[in-house]
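Structure record follows, encoded as structure tokens.
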Amino acid sequence: MTISPKIWDDIYLHGNFMLYPSEFFVRLMRSTETQSGIKGITLDHGCGSGNNAECLFRAGHAIACSEVSQTALDVTRDRLVKAGATNPSCHLVDPSQPLEPQLPKYDNVVSWLALCYAPAADMAAAISQLIKGMSPSGFIWFATPTKNDLLYRISMPGDGPSRTLGAAAGAQEGAVMTIFDDHSDVEAMFAGTEVLDSGTYGMMFSGVQHEYMIIHARKPD
Ligand SMILES: C[S@@+](CC[C@H](N)C(=O)[O-])C[C@H]1O[C@@H](n2cnc3c(N)ncnc32)[C@H](O)[C@@H]1O
1169 MTISPKIWDD IYLHGNFMLY PSEFFVRLMR STETQSGIKG ITLDHGCGSG NNAECLFRAG
1229 HAIACSEVSQ TALDVTRDRL VKAGATNPSC HLVDPSQPLE PQLPKYDNVV SWLALCYAPA
1289 ADMAAAISQL IKGMSPSGFI WFATPTKNDL LYRISMPGDG PSRTLGAAAG AQEGAVMTIF
1349 DDHSDVEAMF AGTEVLDSGT YGMMFSGVQH EYMIIHARKP D
């Protein structure tokens, strides 16, 4: 079983709301602005409650949002309107169907801790489709959990990098995730881009260790 949109709908319906973006995303966004500039529309794919989208919007960038959960999109739309956006571009997607006809035009992509909630082949296919839709010289910023993350510890091994979340995952129990051992397996999904940097960031908070792998890549001109 992969995680169904209904599970995410329930999670957001019950008030899940990330107020701030990850500090790491802010650093990536700001360093890209300084070094090259961010041009055009940035698609936040798997935007959740819209924390990264709001950060981009408040920094003056054009944004679009996509999600498998209508409730997440409603939360995101509401916060973007409160932040001053007029008619934000929010798109519900069915991940089992080709993404291109379901997405608006965009130039750059952020997909933060979203595509890990799929089997490896689906994760790779989604990344490939997202890259195909980017503009030449567009950026993609991607985050996914590593095996040092809580999600790895509360999931059981499946086929290859696939894992199934256990009871400790609460509402997400039973969901299939992809968590790779080897960072090169994640980088290999970014064919058609130049990977400018990749690495990890982590935190230990309330006795719980989290760790994420980050990819910062650019589509060639
Ligand atoms: C852990 S939340 C992260 C949300 C947000 N990107 C953030 O950083 O706060 C995971 C999000 O991914 C979405 N999601 C799950 N599977 C997805 C898929 N195949 N494609 C796009 N989004 C997906 C869920 O609906 C959920 O909102």
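Letter 154 of the sequence shown, counting from 1, is numbered 1322 in our numbering, and no numbers are missing. Glycine is no exception: its CB is placed at the ideal position from the N, C-alpha and C atoms. Please read all numbers here as calculations on a predicted model, not as lab measurements.
- Query: When you compare only the Cα positions, how much space is there between His-1122 and Val-1261?
  - Reply: Outside the displayed range of the chain (1169 to 1389) lies residue 1122, so it cannot be described from this structure.
Nearest candidate by alpha-carbon position, reference Tyr-1380, set Leu-1181, Phe-1193 and Glu-1201 | From the listed residues Leu-1181, Phe-1193 and Glu-1201, the smallest Cα separation to Tyr-1380 is found for Phe-1193.
Q) Does at least one heavy atom of ligand 1 sit under 7 Å from the Cβ of Met-1345? A) Ligand 1 never approaches Met-1345 closely enough for any of its heavy atoms to be under 7 Å from the residue's Cβ.
**Asked** Between Trp-1280 and ligand 1, is the CB less than 7 Å from at least one heavy atom?
**Response** Relative to ligand 1, the nearest heavy atom lies less than 7 Å away from the CB of Trp-1280.
inquiry  = Tell me which residues share the same chain as Arg-1226 and place their Cβ nearer than 8 Å to its Cβ, disregarding the 5 neighbours each side in the sequence.
reply    = Cβ neighbours of Arg-1226 beyond the five flanking positions: Ala-1251.
Determine the direct distance from the alpha carbon of Asp-1246 to that of His-1182, and round the result to whole angstroms.
Those two C-alpha atoms are separated by around 15 Å.
Self-check item: Any non-hydrogen atom of ligand 1 closer than 7 Å to Cys-1233 Cβ
Solution: For Cys-1233, the Cβ stays outside the 7 Å cut-off from all heavy atoms of ligand 1.
Ends of the beta strand (DSSP E) at Ser-1296? Counting along the chain, Ser-1296 falls outside any beta strand (DSSP E), though it belongs to the alpha helix (DSSP H) covering 1288-1301.
| In the DSSP assignment, what residue or residues form a beta bridge with Thr-1210? | Residue pairing of Thr-1210 in beta bridges, as defined by DSSP: Ile-1231 and Asn-1276.
**Asked** Nearest CA to the CA of Cys-1215: which residue from Tyr-1369, Pro-1329 and Trp-1176?
**Response** With distances taken between Cα atoms, Cys-1215 lies closest to Trp-1176.
(Q) Rounded to whole angstroms, what is the Cα-Cα separation between Ser-1330 and Ala-1385? (A) Rounded to the nearest angstrom, the two C-alpha atoms are 24 Å apart.
| query | Whose C-beta lies closer than 8 Å to the C-beta of Leu-1196 among residues of the same chain, with five residues either side of it excluded? | reply | Counting only residues of its own chain and dropping the five nearest sequence neighbours on each side, Leu-1196 has a CB closer than 8 Å to the CB of Trp-1309, Ile-1382 and His-1384.
CB of Ser-1217 to nearest heavy atom of ligand 1: below 7 Å? Ser-1217: yes, Cβ under 7 Å from ligand 1.
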